[in-house]
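J.:
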Amino acid sequence: MKRDQRYKAGIISSLIPSKFSVERWSYTVHRITGVIMVGYLMAHIFETFQLGGGSTAWANTMAALHSLGPMEMVGLWIVAGSALYHGGNGIRLVLNEAFGRLMGKPILPVYPYSPTSLGRNQKIAVWTITALVLALWVWAGVYLLAGIGVI
Amino acid sequence: MDKITLRVTRSGGKRASYEVKYRKGMTVLDALTEVREKQDSTLGYRHSCRMGICGSCGMTIEGLPRLACQTQVSSLNTGTINIEPLHNMEVVKDLVVDILPFFDLHRSVKPYLIRTDLKERDQSDREYRVLTEEVEKFLQFDYCIMCGLCYAACPTAALDPFYTGPQAIAQAYRYMADPRDEGWEMRVNLLDTSHGVWRCHVAGACSFVCPKDVDPAKAIQLARTEILKKRILRKRPREGSKPVSPPVAGAAKEGVKPPPFDFGGARK
Amino acid sequence: MAQPTKEKEGSLMKESWNMVVTYVTAALLVFVLTFHLLLHSPLAGKAFEDTLAFGYATGNLVYYQVIFGVLLFTAVIHGFNGLRVIVVEWLHPTRLAWLLNVLVIALMAFFIAVGTVTLIVVG
Numbered sequence: 000m001k002r003d004q005r006y007k008a009g010i011i012s013s014l015i016p017s018k019f020s021v022e023r024w025s026y027t028v029h030r031i032t033g034v035i036m037v038g039y040l041m042a043h044i045f046e047t048f049q050l051g052g053g054s055t056a057w058a059n060t061m062a063a064l065h066s067l068g069p070m071e072m073v074g075l076w077i078v079a080g081s082a083l084y085h086g087g088n089g090i091r092l093v094l095n096e097a098f099g100r101l102m103g104k105p106i107l108p109v110y111p112y113s114p115t116s117l118g119r120n121q122k123i124a125v126w127t128i129t130a131l132v133l134a135l136w137v138w139a140g141v142y143l144l145a146g147i148g149v150i
Numbered sequence: 000m001d002k003i004t005l006r007v008t009r010s011g012g013k014r015a016s017y018e019v020k021y022r023k024g025m026t027v028l029d030a031l032t033e034v035r036e037k038q039d040s041t042l043g044y045r046h047s048c049r050m051g052i053c054g055s056c057g058m059t060i061e062g063l064p065r066l067a068c069q070t071q072v073s074s075l076n077t078g079t080i081n082i083e084p085l086h087n088m089e090v091v092k093d094l095v096v097d098i099l100p101f102f103d104l105h106r107s108v109k110p111y112l113i114r115t116d117l118k119e120r121d122q123s124d125r126e127y128r129v130l131t132e133e134v135e136k137f138l139q140f141d142y143c144i145m146c147g148l149c150y151a152a153c154p155t156a157a158l159d160p161f162y163t164g165p166q167a168i169a170q171a172y173r174y175m176a177d178p179r180d181e182g183w184e185m186r187v188n189l190l191d192t193s194h195g196v197w198r199c200h201v202a203g204a205c206s207f208v209c210p211k212d213v214d215p216a217k218a219i220q221l222a223r224t225e226i227l228k229k230r231i232l233r234k235r236p237r238e239g240s241k242p243v244s245p246p247v248a249g250a251a252k253e254g255v256k257p258p259p260f261d262f263g264g265a266r267k
Numbered sequence: 000m001a002q003p004t005k006e007k008e009g010s011l012m013k014e015s016w017n018m019v020v021t022y023v024t025a026a027l028l029v030f031v032l033t034f035h036l037l038l039h040s041p042l043a044g045k046a047f048e049d050t051l052a053f054g055y056a057t058g059n060l061v062y063y064q065v066i067f068g069v070l071l072f073t074a075v076i077h078g079f080n081g082l083r084v085i086v087v088e089w090l091h092p093t094r095l096a097w098l099l100n101v102l103v104i105a106l107m108a109f110f111i112a113v114g115t116v117t118l119i120v121v122g
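Residue numbers (numbering that gives the first Met the number 0), protein chains in the order written: chain X, 0 to 150; chain V, 0 to 267; chain G, 0 to 122.
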């Protein structure tokens, strides 16, 4: 495959949100959480497959996971946060992409410019979802990590 | 501040520093011009109108794609300004990038009115009327100056060189929304590809950097809803409005004022 | 070098239908995944460790077989379609785009099969 000669094109550049708006940050987090979840999904399907092997197979699987120590619950906590963020932000994206909502109507641009697609409605949606996700993530953290004495 | 330092990325990735005396109201373009005139005449960059209408002087200034003529040095709040070429485009020399592929992407969406009746188009003796409320639906996207800042900011364009790009999609939607255009179905098929409108993920970077508030992100999502209406609701292609005879001179009634030219919802 | 691409006629399906599948699976996933997480949350009335017990896990799969079936299908389709999008953007295959589609469908089929076997055996 021919190497992309364009200046600063590439995966790193596309993922670093730099000085852009919060929506650009949410794109990066959405992508990273999506990849985390697909990885976890594949592992989880194999893990639950052990249920078919009976209680002994399941106990061995759980023992193997518990041998990871606190990292097991921390990992699950990260996955829970990923699921919460990806789902919440995904709702906003479906509203944007499929229904054209939160974008505002076409207007006559008047200086100083402020694009309506990044305007009040979009910001309310982004920050409401972020706040909700953070609150649920903290709650999940207390539930998961308290049981193993981390907190 | 008395002096500012410009750290310019030159050809080959080398960085060159230039010190320039700051004047009140100085733009980044003014500073670059001073460098080229008094310090280093080999410095390459594009510029033309110096008033934010031609779109030539696009470059990455302090991490964001901006027009150099529209960026006040004082607004950057730093004494050292980092200037790079626009991202996602091949560098020709210093800050000059190869903008032709960007124009090719624009050309690929056929950014002109399409009429099926060629005789009517070429030998018309009538006007295409467009109502004010119809103009409101696409005029914002008509302000594009093709500076390339949106394409440089787009994270999908950074990954995928085949991506149509926010500017081209916005222009395609501009014509989809134009009641005179009869190429609606053709544009839907042009955009509905694996490197077309569906590769946008609403990062909003394009609208964030657009110097003319064209808001390409909004145009892209509106284009998507049009495509989904066609695919799912089987919406029939919209026919272009028919030309009408121009009004006869003197036919207007006395004392009747035309309606105010007001785009409802425009900010004061 | 940035350049427009011509979509090959007769590719598997229009990209818009792909995205409709993504949106529909996303909407379904929000509900079924929330349900799945609630079964392992404080609202289940147990400590998290206890929700991993063999009896509890198998009981859920038996009692809510349909919901877990929907969860399996929607999660796999949504997830691997998303991965396909990332690969299309990153590697932008042109001549081998068909191979990517075949690989994605194969992976989807494989993981759905493994999950379905689990549901059937446990059920």
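Cβ atoms here follow ideal geometry from the backbone N, Cα and C, with glycine treated the same way.
(1) Can you find a CB in chain V that lies within less than 7 Å of the CB of Leu-91 of chain G?
(2) Buried or exposed: where does Val-101 of chain G fall if 16 or more other Cβ atoms within 10 Å of its Cβ makes it buried?
(3) Could you name the residues of chain G that Ile-226 of chain V contacts, counting a contact when the two beta carbons are closer than 7 Å?
(4) Could you check the C-alpha separation between Leu-123 of chain G and Tyr-63 of chain G for me, to the nearest Å?
(5) Tell me the residue span of the beta strand (DSSP E) that contains Arg-120 of chain V.
(6) Do you know offhand how far Ala-156 of chain V's Cα is from Lys-136 of chain V's?
(7) What residues from chain G crowd round Val-93 of chain X, counting only those whose CB sits closer than 8 Å?
(8) Leaving out the 5 sequence neighbours to the left and right, which residues in its chain are closer than 6 Å to Arg-128 of chain V when beta-carbon positions are compared?
(9) Using 8 Å for Cβ pairs, my map puts Thr-102 of chain V next to Tyr-150 of chain V. What's the rounded Cβ distance?
(10) Nearest chain X C-beta to Val-27 of chain V closer than 7 Å, yes or no?
(11) Who are the Cβ neighbours of Val-103 of chain G in its own chain at under 6 Å, not counting the five residues just before and after it?
(12) Tell me which residues share the same chain as Val-69 of chain G and place their Cβ nearer than 8 Å to its Cβ, disregarding the 5 neighbours each side in the sequence.
(13) Strictly below 8 Å CB to CB, what residues from chain G border Met-41 of chain X?
(14) Using a Cβ cut-off of 9 Å, pull out every chain X residue sitting near Leu-32 of chain G, in sequence order please.
(15) Can you give, in chain order, each stretch of the alpha helix (DSSP H) that sits fully within the segment 211-238 of chain V and has at least 4 residues?
(16) So with Cβ pairs under 7 Å, would you call His-200 of chain V a contact of chain X?
(17) Measuring CA to CA, which of V:His-46, V:Trp-197, V:Lys-20 is closest to Leu-28 of chain V?
(18) Please identify, using Cβ separations under 9 Å, the residues of the segment 120-147 of chain X that lie next to chain V, in order along the chain.
(19) Taking 7 Å as the limit between beta carbons, can you name the residues of its chain near Leu-50 of chain X, skipping five residues before and five after?
(20) Evaluate the contact criterion for the segment 178-192 of chain V versus the segment 25-43 of chain X: three or more CB pairs, one atom per stretch, below 8 Å.
(21) Just checking: is the beta-carbon of Arg-230 of chain V within a distance shorter than 7 Å of some beta-carbon in chain G?
(22) Establish whether the CB of Ala-63 of chain X and some CB of chain G are separated by less than 7 Å.
(23) Please list the terminal residues of the continuous alpha helix (DSSP H) segment that includes Pro-165 of chain V.
(24) Report yes if the C-beta distance between Ala-67 of chain V and Cys-53 of chain V is below 7 Å; otherwise report no.
(25) To the nearest angstrom, report how far apart Met-88 of chain V and Thr-8 of chain V are at their CA atoms.
(26) If I measure Cβ to Cβ from Met-50 of chain V and keep anything under 7 Å in the same chain, skipping five residues before and after, which residues do I get?
(27) Check for me: the alpha helix (DSSP H) holding Asn-88 of chain X runs from which residue to which?
(28) Need the endpoints of the alpha helix (DSSP H) that Thr-55 of chain X sits in, please.
(29) Just reading off the beta strand (DSSP E) that Glu-18 of chain V is part of, what are its end residues?
(30) Using a beta-carbon distance cut-off of less than 8 Å, what residues from the segment 1-12 of chain X approach chain V?
(31) Assuming Arg-6 of chain V contacts Ile-82 of chain V under a Cβ cut-off of 8 Å, what Cβ separation, rounded to an integer in Å, is found between them?
(32) I want to see whether chain V comes within less than 7 Å of Trp-12 of chain G, judged by CB atoms only; does it?
(33) Please check the pair Pro-160 of chain V and Arg-100 of chain X, which I expect to be a contact at CB under 8 Å, by giving their CB distance rounded to whole angstroms.
(34) Would you say Glu-48 of chain G faces chain V, with C-beta separation under 7 Å as the test?
(35) For chain X, is any of its Cβ atoms less than 7 Å away from the one on Gln-71 of chain V?
(36) Given that Ala-58 of chain X touches chain V, what residues does it touch there, using C-beta distances under 9 Å?
T.: Considering the structure as presented:
(1) A small fix is needed here, since residue 91 of chain G is His in this sequence, not Leu. The beta carbon of His-91 of chain G sits closer than 7 Å to some beta carbon of chain V.
(2) By the neighbour-count definition (other C-beta atoms within 10 Å, threshold 16), Val-101 of chain G is an exposed residue.
(3) Within chain G, the residues near Ile-226 of chain V are Ser-15.
(4) Look at the range of chain G in this structure, 0 to 122, and you will see that residue 123 of chain G is not part of it.
(5) Annotation: Arg-120 of chain V is outside any beta strand (DSSP E); the continuous alpha helix (DSSP H) that includes it extends over 117-121.
(6) Their Cα atoms are separated by approximately 26 Å.
(7) Taking the beta carbon of Val-93 of chain X as reference, the chain G residues within 8 Å of it are Tyr-22, Ala-25, Ala-26, listed in sequence order.
(8) Closer than 6 Å at the Cβ level, and outside the excluded window around Arg-128 of chain V, lie Val-243.
(9) For the sequence presented, residue 102 of chain V should be read as Phe rather than Thr. Wrong, their Cβ atoms sit about 11 Å apart, outside the cutoff.
(10) False, the Cβ-Cβ gap to chain X never drops below 7 Å.
(11) In chain order, Phe-79, Arg-83 place their CB closer than 6 Å to the CB of Val-103 of chain G, counting only its own chain and leaving out the 5 sequence neighbours on each side.
(12) Closer than 8 Å at Cβ, skipping near neighbours: Leu-27, Val-31.
(13) In chain order: Phe-110.
(14) Ordered by position in chain X, the residues that pass the 9 Å Cβ test against Leu-32 of chain G are Ala-82, Gly-86.
(15) If we require 4 residues or more, the alpha helix (DSSP H) runs fully inside the segment 211-238 of chain V come out as 215-231.
(16) It does: the Cβ of His-200 of chain V has a partner Cβ on chain X nearer than 7 Å.
(17) The residue among V:His-46, V:Trp-197, V:Lys-20 with its C-alpha nearest the C-alpha of Leu-28 of chain V is V:His-46.
(18) Going along the segment 120-147 of chain X in chain order, one finds Gln-121 with a Cβ nearer than 9 Å to chain V.
(19) For Leu-50 of chain X, where only same-chain residues beyond five positions count, the Cβ hits under 7 Å are Trp-57.
(20) In short, these stretches do not touch, since the Cβ pair count stays below three.
(21) Cβ-Cβ to chain G under 7 Å: yes for Arg-230 of chain V.
(22) It does not: the Cβ of Ala-63 of chain X has no partner Cβ on chain G nearer than 7 Å.
(23) 165-175 is the extent of the alpha helix (DSSP H) around Pro-165 of chain V.
(24) No, the pair does not count as a contact, with Cβ atoms beyond the cut-off.
(25) One C-alpha to the other measures close to 14 Å.
(26) Answer for Met-50 of chain V: Cys-68, listed in chain order.
(27) Segment 69-98, the alpha helix (DSSP H) holding Asn-88 of chain X.
(28) Unbroken alpha helix (DSSP H) run through Thr-55 of chain X: 54-65.
(29) For Glu-18 of chain V, the enclosing beta strand (DSSP E) covers residues 14-20.
(30) Flagged, chain order: Asp-3, Gln-4, Arg-5, Tyr-6, Lys-7, Ala-8, Gly-9, Ile-10, Ser-12.
(31) So it is a contact: roughly 7 Å between Cβ atoms.
(32) Note on identity: in this sequence residue 12 of chain G is Met, with Trp being the wrong assignment. Cβ-Cβ to chain V under 7 Å: no for Met-12 of chain G.
(33) 31 Å between Cβ atoms; not a contact.
(34) Not an interface residue.
(35) Not one beta carbon of chain X lies nearer than 7 Å to the beta carbon of Gln-71 of chain V.
(36) Going along chain V, no residue has its Cβ under 9 Å from Ala-58 of chain X, so there is no contact; the nearest lies around 43 Å.
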